[in-house]
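Chemist: Here my numbering runs 299 ahead of the position in the sequence shown, where the first position is 1.
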Amino acid sequence: MYAFANISAEPVSQERAEELRAALVEASQRLGGAGMSATVLSPAGTWSGAVGKADSSRPLGVNDQFAIASVTKTLQAAQVMKLVEGGRLRLDDPAQKYLPADLNFDTNDATIRQLMGMRSGLPDYWPAIEPLVASDRQRVWTTSDLLAQVPAGRTPAGTTHEYADTNYLLLQQVIEKLTGRTVVQAMRDGGVLDIDGIERLVYQPDERPSAPMALPNAMSPAEWEKGGGYLPSIASATGYNQFATNSLSLAHWWQALCSGKLVSQDSLTTMATFVDDYGLGMFPIADPYTSFGHLGADIGFIASAGCLPDSGSVVVALSNTGVKDAAMMLPLVEAAESEAGTGTGTKP
300 MYAFANISAE PVSQERAEEL RAALVEASQR LGGAGMSATV LSPAGTWSGA
350 VGKADSSRPL GVNDQFAIAS VTKTLQAAQV MKLVEGGRLR LDDPAQKYLP
400 ADLNFDTNDA TIRQLMGMRS GLPDYWPAIE PLVASDRQRV WTTSDLLAQV
450 PAGRTPAGTT HEYADTNYLL LQQVIEKLTG RTVVQAMRDG GVLDIDGIER
500 LVYQPDERPS APMALPNAMS PAEWEKGGGY LPSIASATGY NQFATNSLSL
550 AHWWQALCSG KLVSQDSLTT MATFVDDYGL GMFPIADPYT SFGHLGADIG
600 FIASAGCLPD SGSVVVALSN TGVKDAAMML PLVEAAESEA GTGTGTKP
């Protein structure tokens, strides 16, 4: 679909590094000067940078891990596509067919494709638990707990787009039922995490983040530890299983995805075919530039990551702030595209 084979692992030139550093500062300023770490992979080379505070006293570095919230959905979607390619399921199969028999949840007759594309008609559980996650950071949420918070109302599957974490909570169960392993075990053993260069990418809560870490809202380490040692807390990590990573490891993962090393080009095309501006675990993240990726936001974190097919670049921006700005990494995207001289394009 798109060629990212020309990305160079060599450092960018000093002049280029200064340009990207300036773009990073501008992106941080969009969030009120919040801490931010970013990576840009392009044919001109590889660059990572960081600005701001990791916590109440320490400056951020490029190895700091951040929670990436819903950027996790792309990784989970890619793992589902691996199962499709292996003949384990079909996108238009009913999801109920692949869920544990004792789950006892009304899936609204939604298909796997409809779950992945946010067209299942299922409402979101997250609005109900978000205040509880914030007030009790040490609570451990189970799948049953979360599904019990899903409102009863349904719209007919396939008729409307409604962004809901419920869809990907169910897809996690599909992966585990089909593979007989946890999601992260399936991903790491022959799955979409079975690659080099992603050493700082960990799946919470099965795996723990490790120092150095960017703490939510740059809080003090003592205050953060009250959340159980996860990013942003054990409550968030179990309320929505999510990755923690530094920007470089996540950029390497996106490079592998967009170059066809994790799923086939046909699968990637399917994922990046947008209906109501959402595909299967990805969407345009940098209008007016051609892009496909994902955003994520949790308590004290915001993340944006994806690929720019016109320039063959990958851009990742991570911040430890509660300020929400869907276009936060646009200065970095503009810098990547201007270097390649691509300008703006059309959506994939």
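Cβ atoms here follow ideal geometry from the backbone N, Cα and C, with glycine treated the same way.
(1) For alanine 409, which residues from the same chain have a beta carbon less than 7 angstroms from its beta carbon, with the 5 sequence-adjacent residues on both sides left out?
(2) For alanine 602, which beta-bridge partners are listed by DSSP?
(3) Tell whether a beta-carbon distance below 8 angstroms holds between alanine 543 and leucine 530.
(4) Between the stretch 522–539 and the stretch 581–588, do at least 3 Cβ pairs fall closer than 8 angstroms?
(5) Is glycine 592 near glycine 580, with beta carbons less than 8 angstroms apart?
(6) From the DSSP secondary-structure annotation, give me the bridge partner or partners of alanine 366.
(7) Tell me the rounded alpha-carbon separation between leucine 492 and leucine 468.
(8) Applying the 10 Å Cβ sphere with the 16-neighbour rule, what's the burial state of arginine 499?
(9) In terms of residues, what are the limits of the alpha helix (DSSP H) holding glycine 526?
(10) Return the CA-CA distance between glutamine 375 and glutamine 471, expressed in angstroms with no decimal places.
(11) What's the C-alpha gap between glutamate 314 and valine 339?
(12) Using a 10 Å radius around the Cβ and a threshold of 16 neighbouring Cβ atoms, would you call proline 583 buried or exposed?
(13) Run the CB neighbour count on proline 515, radius 10 Å, all protein chains shown included, and call it buried at 16 or more, exposed below.
(14) Counting only the same chain and skipping the five closest in sequence on each side, list residues whose C-beta sits under 6 angstroms from that of valine 632.
(15) Which same chain residues end up closer than 6 angstroms to methionine 486 when comparing Cβ atoms and leaving out the 5 residues on each side of it in sequence?
(16) Hey, out of Ala304, Gly332, Val311 and Asn305, whose CA is closest to leucine 617's CA?
(17) Which full runs of the beta strand (DSSP E) of 3+ residues lie inside the stretch 323–397, going along the chain?
(18) What's the C-alpha gap between aspartate 444 and leucine 402?
(19) Please report the straight-line C-alpha distance between glutamate 429 and serine 312, rounded to a whole angstrom.
(20) Please work out which residues of its chain come closer than 7 angstroms, Cβ to Cβ, to alanine 625, disregarding the five sequence neighbours upstream and downstream, and give them in chain order.
(21) Starting from the C-beta of lysine 623, find all residues in its chain whose C-beta is less than 7 angstroms away, skip the five residues before and the five after it, and write them out in chain order.
(22) Shortest alpha-carbon distance to tyrosine 502 belongs to which of Val449, Val370, Leu330 and Ala433?
(23) Give me, in chain order, the residues of the same chain whose beta-carbon lies closer than 8 angstroms to that of lysine 476; leave out the 5 immediate sequence neighbours on both sides.
(24) Work out the CA separation of serine 603 and leucine 547 for me, nearest whole Å.
(25) Suppose you measure from the CA of alanine 308 to the CA of threonine 459; what does that come to, to the nearest Å?
(26) I'd like to check one pair, leucine 414 with asparagine 466: are the Cβ atoms closer than 8 angstroms?
(27) So for proline 450, helix, strand or coil by DSSP?
Modeler: Reading it off the structure:
(1) So the qualifying residues of the chain are Ala394, Ser419, Gly420, Leu421 and Ala456.
(2) Gly595 and Leu617
(3) yes
(4) no
(5) No, these two residues do not count as a Cβ contact at 8 angstroms.
(6) Ala543
(7) 19 angstroms
(8) buried
(9) For glycine 526, no alpha helix (DSSP H) segment is defined, and its DSSP state is neither H nor E.
(10) 7 angstroms
(11) 14 angstroms
(12) buried
(13) Proline 515 comes out buried.
(14) Ala585, Tyr588 and Val614
(15) Gln378 and Leu492
(16) Gly332
(17) 335–341 and 344–350
(18) 11 angstroms
(19) 44 angstroms
(20) Hits under 7 angstroms: Leu594.
(21) Ala596 and Ile601
(22) Check the Cα spacing between tyrosine 502 and each of Val449, Val370, Leu330 and Ala433: the tightest is with Val370.
(23) Tyr397, Leu398 and Pro399
(24) Those two C-alpha atoms are separated by around 13 angstroms.
(25) 42 angstroms
(26) yes
(27) Here proline 450 sits in coil by DSSP.
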